[in-house]
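**Q** Chains as they are written, first to last, in the numbering used here: chain W, 1 to 552; chain R, 1001 to 1508.
Backbone N, C-alpha and C fix where the C-beta goes; we use that ideal spot for every residue, glycine too.
Fair warning: this is a prediction, and the values are worked out from it, not measured in the lab.
Have a look at this one.
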Amino acid sequence: MATITFNRKIFENEIGKLDEKMQEKISMFGTPLETFNSEEIQIEVFPNRPDLLSYHGFKRSFLAFLGKKTGLRKYNLSSPKKDYKVVIESSVKDIRPHTACAIISGLKLDDEKIKEIIEMQEKIHATLGRKRKKVAVGIYPLEKITLPIIFKALEPEKIKFIPLEGNKEMSGIEILRKHPTGIEYSHLLKGKEKFPVFVDAKNNVLSMPPIINSELTGKVTIDTKDVFVECSGFDFETLKKCLNIISTTLADMGGKINQMSIVSKGKKEITPNFGEEKMKISLENTNKLLGLNLNEKHLKNLLEKMGYEYNKGTVKIPSWRTDILHEVDLIEDVAIAYGYDNFIPEIPEISTIGKESKREIVKRKISEILIGLNILEVSNYHLTNKNYQFKKMALSEKNLVELESSKTDYNILRKNLSHFLLKNFSDNVDVEYPQKIFEIGEIFELGKEKISENESLAVAVAPGNFTELKQILEYLSRMLNIQFTFTEASNFPDYFIDGRVVEVIFEKDKIGYIGEIHPNILKNWKIKMPVALFEISLEEVLDKLCLDSHPK
Amino acid sequence: MDVKRTIESLSANEIKIIPYLEKRKIGEICKASELSRVAVLRALKFLEKKSILEISYNKEKIIDLGNNGVMYKKSELPERKLVNLLMSKHILLLEEAKKLSDLTDEEFKASIGILKNKGFIELKNGKILLNTNKEDISKKTDEEILIESLPLSYSKLNDEQKEVLKNLQRRKEIVIERGRKTVDFELTSFGKEILKSKIRSDLIEQVTPEILKKDSSWKGKKFRRYDVLAFLPEVHGGKRHFVNQASDYARKIWTDMGFKEMEGSMIESSFWVFDALFTPQDHPAREMQDTFFLGKKAEIHDKKLAKFVKDSHEGNLKNLGSKGWQYDWDEEEAKKLVLRTHTTSLSVRTLADLKNKNQKLQGKFFALGKVFRNETVDWKHGFEFNQTEGIVIDKNANFRHLLGYLKQFFNKMGFEKIRFRPSFFAYTEPSVEIEVYHEGRKEWLELGGAGIFRPEVVVPLLGENIPVLAWGPGFDRILMDYYNVKDLRELYSNDLNQLRKIKFWMKT
């Protein structure tokens, strides 16, 4: 989630007073108002709108939404001057192959604007840039640089410069090992024999993307008038969009956009390029999808409020929008301009027959039967850990499903419910007895070919004994009108007491056990009462009962 | 207070002890009434409720024998041993006396001190002289007398005894102090009145099968009155877990609105959770720090669908008119198994099923289920959530219908004011955030997302672009609010006290 912060005073001077209506407008524009105080306003920007990740980018679109400066905003582009050139050497091909660049001149920066530029850069890195993996952005003071610029890859030891916020020259390797930013992003260059660098005509290193700029040539100050902007990464289209977002935002701050030639193996591209993208929109589709009855003039007005230009079914899309893939994206913007709060909710008068899942119905009936026996339903996590599932239960670790990189110590899927019921007793040793609990839920097991996910039922009673539990299961079978048979178990989980456990069989399938829990296990769980429990697979039972309820 | 009614409410045990209440001592009442202490105390409590007496509880300091005290009581005190020795020898060297008396250093020193204080002996040139007569010696000392009479309540000791006790307390483990709760009671004036009255004992205590056998055993007789207003211990019964009660209610709302229930696995391949929902493969939600991966893969059996999804992501699907995400879609990435992060995977499967089984491409479906995120756990975070899912597939469905269904559902969930804000999800357009107004807290609560599935999602699944309204708000927030649970962890802590006491889901 990206949030950006505005200076409230500037916002109120340039956009309008932050009264209740304005607060509502901000949220209804699709940028939820997070918090505000007398100094600042914080809003959330969704990942589809990286062009709103700065105050100026937001202001441009939001003023149009308020009906103040509607339509497609135009920007002048100056074609590349002689040295406004970036040469991409083939050495970066397999490392970070593309860049899109621009020069913005005539900026009048102050601390507020520099803060905004840095924040925009960071937010773009975090979102559109996928933490700098997809896109990394560098902005440099032109007065410290000699054009043209070369983008190439060098062996890490041969790269030498003072990194931003550093005080001595470091090599590429040293930066990854020692500089805090270098450490944070080192994984992005891991395993590379060469690291990418931008160097100027005097062979000064500007930066080592996507890691860090040079302290000498890569730090914008209030004295900076002109800046060099580069976006580097893997997908040229994304980089161009990203450059458009940054250069138009800088232009909104008062700069002039100058194109650059990007030369690679004799091929030349000019960036940025605001070549207007067009898309068709149908009034009929719009009305049908939104349930509205707009005419073309309405449609035009609404599109202009969202910063588009509309003419006879064709929409010109701003070059900084990254999220318009299909007509529906335009239609959504029409809906936003129309105002979500202006739609009248409606339920169509078509009749359909509702239907609950049969399994759910049967499971609920089983619950009701058990509740009638004064048993309390519990609900445990589907995730557990090896200590609970195996160690305390004296089971060997097998056929378990592990979760990768779990942030908690719950890192495997539960293989049975029984261990959780014992955990529940263990957590409730001071609560009035008798305690009778049950759970119905999914359990997981790694099979030869796939992971099975089965519905299971477990009942546990403390203090409880074998007879009581068997009576409960027999009552359940009579109420469900199904037949369980029992055989003396020779091969049973070690947590039961030998001689006090039976295997439950349903239509030839072994579906579970009833038994008394061994004192060793009770001791592991610090339970001070005798416990008996049963756990059976419900899959076979549900199959049978759901089938039987079909009319024959 | 009514003497007659009170007498009629006396239980058998109460009647048994009433004649002895003037004795005032619990022990004596026990003896006289032949009831156990517990039974007497319980009966006294009930009598107190009937205003017959007032009970007071005191903590008493009891002086009792310590380990050495017990031993000395059995044999004799060290000073007695020493004085007996001197009786036969009269004069002894200190060392000699020590050796012969067989006392420890400590005992010996203490004995000398005590005997000297009593004037029984004198010390001269390292020798002990007996300084008194046989008669004096043969009398029991104050210490011996006190030891024999222990245990005693401290409050009952006279000043002299207290002095003796102080001496004994200086010595090792002869006496100890412990606390004892004592119960005392005082008859009220009403109680005295009761005591003077004639107590009936012909009341029927309980209606038993025995009594019912013969009319004569109950006809014309009175029943003992109960204290029908008495405070009673709580009982508790079996019941559904409160989260499931709420799920069942939501299930009923959907079926009432004509929706069919969907169900399916919690373990799914990324294909059904992400790819078929047009979520690009480099989307942050598909990273291990957000989603639980199982380190296993599952084949995508529907090859045709996989191809459509690939084309949709890459922007090559015919008749779709979408630019797609413009990257190379990787089937291997889509095979990775995850714990579903939303129940929307069920909706996707439902759509694919409609197409594959050549069913009519319309319908209304819902699901309720657990979803998982790789999160840390604290009061407002967890790794398991409850989600409710719904889709409406209908050629004529539109955005206003989407808002209509959601409004209806949340109205039935008990929220009057509902509003919708623009939002963003990779697989819906337009997208909506649902907010309900909480009357108690006077604020809007965010409940989750909804929208109309993008053509990039629908066309590969259904073969044509039919509007599919979709939503998947979580309902843990509603649950927590209703049950007044402040900590997300409490939903699954299975505190049996909480489960026994928590109120029923009463929304209707």
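Who are the neighbours of residue 125 of chain W on chain R, taking C-beta pairs under 9 Å?
**A** The premise fails here: residue 125 of chain W is roughly 13 Å from chain R at the closest Cβ pair, so nothing lies under 9 Å.
**Q** Just the C-alpha distance for residue 1036 of chain R and residue 1010 of chain R, rounded to the nearest angstrom, thanks.
**A** Each residue's Cα considered, the two are about 18 Å apart.
**Q** Excluding the 5 residues flanking residue 528 of chain W on each side, which residues of the same chain have their C-beta closer than 7 Å to its C-beta?
**A** Cβ neighbours of residue 528 of chain W beyond the five flanking positions: 429.
**Q** Compare the C-alpha of residue 1249 of chain R against each of R:1339, R:1479, R:1013 and name the closest.
**A** Closest option to residue 1249 of chain R, Cα to Cα, is R:1479.
**Q** Just the Cα atoms here: how many angstroms apart are residue 30 of chain W and residue 1380 of chain R?
**A** Those two C-alpha atoms are separated by around 25 Å.
**Q** Would residue 188 of chain W and residue 198 of chain W be called neighbours here (beta carbons separated by less than 8 Å)?
**A** Going by C-beta atoms, residue 188 of chain W is not nearer than 8 Å to residue 198 of chain W.
**Q** What span of residues does the alpha helix (DSSP H) with residue 419 of chain W cover, start to end?
**A** From DSSP, the alpha helix (DSSP H) with residue 419 of chain W extends over 418-427.
**Q** Can you tell me whether DSSP reads residue 11 of chain W as helix, strand or coil?
**A** Note: residue 11 of chain W maps to helix in three-state DSSP.
**Q** Quick check on the DSSP output: what are the complete alpha helix (DSSP H) runs of length 4 or more inside the segment 1316-1386 of chain R, in order along the chain?
**A** Taking only runs of at least 4 residues, the alpha helix (DSSP H) segments lying wholly in the segment 1316-1386 of chain R are 1331-1335, 1344-1356.
**Q** Less than 8 Å between the C-beta atoms of residue 514 of chain W and residue 502 of chain W, yes or no?
**A** Contact: yes.
**Q** Show which residues of chain R have a CB atom less than 7 Å away from the CB atom of residue 48 of chain W.
**A** The answer, in chain order, is 1424.
**Q** Any beta-carbon of chain R closer than 8 Å to the one on residue 357 of chain W?
**A** By this cut-off, residue 357 of chain W is an interface position.
**Q** Starting from the C-beta of residue 536 of chain W, find all residues in its chain whose C-beta is less than 6 Å away, skip the five residues before and the five after it, and write them out in chain order.
**A** 457, 504, 511, 512, listed in sequence order.
**Q** So, does the segment 135-142 of chain W touch the segment 225-236 of chain W, judging by three or more C-beta pairs under 8 Å?
**A** Taking 8 Å as the limit for Cβ pairs, the verdict is that the segment 225-236 of chain W does touch the segment 135-142 of chain W.
**Q** So if I threshold CB-CB distances at 9 Å, which residues from the segment 1474-1494 of chain R count as touching chain C?
**A** No chain C appears in this structure, whose protein chains are W and R.
**Q** Judging by CA-CA distance, which residue of W:14, W:72, W:470, W:83 is the nearest neighbour of residue 201 of chain W?
**A** Comparing Cα-Cα distances from residue 201 of chain W to each of W:14, W:72, W:470, W:83, the minimum goes to W:83.
**Q** Can you grab the Cα-Cα spacing for the pair residue 1328 of chain R / residue 1313 of chain R, in whole Å?
**A** Answer to the nearest angstrom: the Cα atoms are 8 Å apart.
**Q** What residues in the segment 1318-1331 of chain R have a beta carbon less than 9 Å from any beta carbon of chain W?
**A** Per Cβ criterion, the list reads 1320, 1321, 1322, 1323, 1324, 1325, 1326, 1327.
**Q** Use the C-beta contact count for residue 266 of chain W: other C-beta atoms within 10 angstroms, 16 or more gives buried, fewer gives exposed.
**A** Counting Cβ neighbours within 10 Å, residue 266 of chain W comes out exposed, since fewer than 16 surround it.
**Q** Let me make sure I understand the geometry here. Which of W:500, W:519, W:240, W:460 has the alpha-carbon closest to that of residue 491 of chain W?
**A** Selected option, being the one with the closest Cα: W:500.
**Q** Can you confirm whether residue 326 of chain W, when its beta carbon is compared against all beta carbons of chain R, has any partner nearer than 8 Å?
**A** Interface residue, yes.
**Q** To be precise: take each residue of the segment 1446-1476 of chain R, compare its Cβ to all Cβ atoms of chain W, and keep it if any distance is under 8 Å. Which residues remain?
**A** Of all residues in the segment 1446-1476 of chain R, 1452, 1454, 1455, 1456, 1467 have a Cβ within less than 8 Å of some Cβ in chain W.
**Q** Under a CB-based cut-off of 8 Å, is residue 364 of chain W close to chain R?
**A** With 8 Å as the cut-off, residue 364 of chain W counts as an interface residue toward chain R.
**Q** Taking the runs of the alpha helix (DSSP H) that are 4 residues or longer, which of them lie wholly in the segment 171-195 of chain W?
**A** Segments of the alpha helix (DSSP H) lying fully in the segment 171-195 of chain W: 172-178, 180-185.
**Q** My output table needs one value for residue 1090 of chain R: the three-state DSSP class, helix, strand or coil.
**A** Coil at residue 1090 of chain R, not helix or strand.
**Q** Is the beta carbon of residue 1041 of chain R sitting closer than 8 Å to the one on residue 1090 of chain R?
**A** No, the pair does not count as a contact, with Cβ atoms beyond the cut-off.
**Q** Can a CB atom of chain R be found closer than 8 Å to the CB of residue 382 of chain W?
**A** Yes - at least one Cβ of chain R is within 8 Å of the one on residue 382 of chain W.
**Q** Roughly how many angstroms lie between the CA atoms of residue 550 of chain W and residue 356 of chain W, to the nearest whole one?
**A** Because residue 550 of chain W sits at a pLDDT of 46, beneath the cut-off of 50, its placement in the model cannot be relied upon, and the point is left open.
**Q** In this structure, does DSSP put residue 286 of chain W in helix, strand or coil?
**A** Note: residue 286 of chain W maps to helix in three-state DSSP.
**Q** How many angstroms separate the CA atom of residue 534 of chain W from the CA atom of residue 440 of chain W?
**A** For residue 534 of chain W and residue 440 of chain W, the distance between alpha carbons rounds to 12 Å.
**Q** Taking its Cβ as the centre, do 16 or more other Cβ atoms sit within 10 Å of residue 432 of chain W, making it buried, or is it exposed?
**A** It counts as exposed.
**Q** Is residue 387 of chain W helix, strand or coil by DSSP?
**A** Reduced to three states, the DSSP call for residue 387 of chain W is helix.
**Q** Roughly how many angstroms lie between the CA atoms of residue 1304 of chain R and residue 1254 of chain R, to the nearest whole one?
**A** Spanning the two alpha carbons is a distance of roughly 33 Å.
**Q** Give the DSSP bridge partners of residue 941 of chain R, in chain order.
**A** Here chain R comprises residues numbered 1001 to 1508, so residue 941 of chain R is not present and cannot be evaluated.
**Q** Any beta-carbon of chain W closer than 8 Å to the one on residue 1243 of chain R?
**A** At least one chain W Cβ lies under 8 Å of residue 1243 of chain R.
**Q** If you drop the 5 nearest sequence neighbours on each side, which residues of the same chain put their C-beta closer than 8 Å to that of residue 1063 of chain R?
**A** If we look at residue 1063 of chain R and ignore the five residues flanking it on each side, its Cβ neighbours are 1150, 1151, 1152, 1153, 1154, 1157, 1165, 1175, 1176, 1177.
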